[in-house]
Each structure stands twice: as structure tokens, then as C-alpha cells.
Amino acid sequence: MERGRFITFEGGEGAGKSTQLKMLAEALARAGIEVVTTREPGGSKGAEAIRALLVTGEVDRWDAHTEALLHTAARRDHLVKTIWPALERGAWVVCDRFADSTLAYQGYGHGLPKDFILGLTRLAIGDFAPDLTLILDLPVEEGLKRAGGRGGAEDRYERMGTPFHDRLRQGFLDIAKFEPDRCAVIDATASLDGVHQSIMATIKRRLLGFCVL
Ligand code: Z5A
């Protein structure tokens, strides 16, 4: 059985990741591919328990190092319990956020050194990486407006202020620049269908060797 493909969605708040992830998963399923959709922090029982600690409560609930460790611990559990078994049986895994979010949020956002984050990630997951990362890019004000319209209790990161979110956006664009073979920046200001078409075109171009679409 050929190993499945691992696709991650990244970007700032309200960029449309969850919406586009669902549209992509439906398109892949229509093409006869077994798809597992998942998210970070979360995606396994243990990681979902850690998620609750991270996305609710006071903005200064954790210092940056603790926050990075919690995200990384959640990621390890998610990989062991959900992602690696699915890839092994040949399923494609489509994940809302992954390790780039730790570099963007805890690195660019909270100011932890890049080497610390990359070292931590390597310690927890080795050299495992997505086959393709779709970075949905959107002006910060537009993303926060979209995310704010949604409401809910999981708004700890949304409350971190515009300068924090400006640094995140730059972080994701830098990541795409450093790893152009793995990452693709998608203009998320377009309509839902427009963004979906860009994503499908990217999948066909980048994963063509494996793609039956
Ligand atoms: N975090 C971290 O700090 N470190 C880490 O290592 C990891 C995560 C893994 C997880 O929250 C938080 O954890 C996250 C970073 C941090 N920060 N926050 N918040 P989350 O996953 O629950 O939150 P999120 O990733 O930001 O997701 P989101 O706010 O739900 O945004 P989204 O998934 O990108 O957007 P959406 O839900 O698909 O769309 C938002 C709204 O916009 C919705 O009403 C849509 O209908 C609308 N929308 C979507 N696309 C469009 C277009 N194209 N036009 C118009 N309207 C649109």
C-alpha cells in the first residue's frame, strides 16, 4: 500500500482554512481518495484535551515557552494516534494548522528564537513534514473581522492584538519564502470558489505524480 499524502493549511485568524479544508476534502473524496480531516491543536483525544488549555482563558495564561511545549506535546500525540496511522494505510490527511503555526505564533508572534522552535519540533517529530502546505494569506483586519463574526469561547489568540497578528502574517510569508517547494501562498481575499480553484490548481501542479483529480 502506497503511503498517503499529508496536506496542511496555514494562515492567520479567519483566513478561511476550515472552510477550504472541507471543500478540498470533499473534492478528494469525490475522486475516490480516502481522506482524513483533522486539526491542530487537537486531532486526537489527548491533543484535544491540551487544546482546551490553549485556546481559552486569559491572553497571558501561559508564557511563550510553555505554550510552545504544549503545542508540541499535542502535535506528538496527534501524529502518533491519528496522522501516522492514516498515512500508513494510504489515506490522505488534510490538517488545519501544523508545525508552521508554532513557528509563526510562538516564534514570530511571541518572539521565541527560531532555533528553539525548530529544535523542539525536530525533537518531537524528527524530520517528518507535510508534502504540501497551503498558506492562506489575507490582510489582518479582514481576517479578524471574519473570525470575529463567528463568536465562541475559543478566542484567546484572536484577542492578542493587531501587531501580534501582523507579525504572524509576515511569519507565514517568510516560511513560504524559505521553503518554496513545500509551501504555496494562496490569495485568500478571493471568493470561496475562487480560493478553492486556486487550491485545486496547486494540488494538481504540486502533487501531480500522485493525483488522480
Ligand atoms: N496555534 C498556535 O499558537 N501554535 C500552534 O502550533 C498551533 C496553533 C497549531 C487554534 O485556533 C489557535 O491555536 C490558533 C493558533 C494557535 N489561533 N487562533 N485562533 P483555531 O484553529 O480554532 O483558529 P484558527 O486556526 O484561526 O481558525 P479560524 O479562526 O476558525 O479561521 P479559519 O479556519 O481560517 O477560517 P474559517 O472558519 O474557514 O472562516 C472564518 C469566517 O470567514 C467564516 O464565517 C467563513 O464563512 C468566512 N469566510 C471564509 N472564507 C471566506 C471568503 N473567501 N470570503 C468571505 N468570507 C469567507
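Converting from the sequence shown to the working numbering requires adding 66 to each position, the first position being numbered 1. Glycine included, every Cβ here is placed at the ideal spot set by N, Cα and C. Just so it is clear, the structure is predicted and the values come from calculations on it, not from any experiment.
By the C-beta density criterion, V206 is buried, having at least 16 other C-beta atoms within 10 angstroms.
Distance from the CA of L273 to the CA of P151, rounded to the nearest whole angstrom, comes to 21 Å.
Burial state of F244 is exposed, judged by a 10 Å Cβ sphere holding fewer than 16 other Cβ atoms.
If you ignore the 5 residues before and after A130, its C-beta comes within less than 8 Å of the C-beta of Q172, H176, G177 and L178, all in its own chain and listed in chain order. Around the C-beta of S110, 16 or more other C-beta atoms lie within 10 Å, and the residue is accordingly described as buried. Sorting A190, I73 and M266 by C-alpha distance to the C-alpha of T104 places I73 at the top.
Note on geometry: alpha-carbon atoms of G156 and I99 lie some 9 Å from one another. Excluding sequence positions up to five before and after R117, its CB lies within less than 6 Å of the CB of P107 and G108, all in the same chain and listed in chain order. C-alpha of F75 to C-alpha of R225: approximately 22 Å in a straight line.
Distances from the CA of D197 to each of I269, G112, V102 and V121 were compared; the closest alpha carbon is that of I269. Secondary structure at L178: coil, using DSSP grouped into helix, strand and coil.
Taking the C-beta atoms as reference points, A195 is found nearer than 8 Å to R248. Note that the C-beta distance between I252 and D193 is not below 8 Å.
Remark: the C-beta of H144 is outside contact range of the ligand Z5A, defined as less than 7 Å to any heavy atom.
Uninterrupted alpha helix (DSSP H) stretches at least 4 residues long and entirely within the stretch 81-152 occur at 83-96, 111-121 and 130-144, given in chain order. When beta bridges are read from the DSSP output, G77 appears opposite L202. As for any alpha helix (DSSP H) of minimum length 4 sitting wholly inside the stretch 235-276, the runs are 258-272, ordered along the chain. If the five residues before and after G70 are omitted, its C-beta is found closer than 7 Å to the C-beta atoms of A152, L153, G156, A157, W158 and V159, all from its own chain and listed in chain order. For A254 and G185, the gap between their C-alpha atoms comes out near 31 Å.
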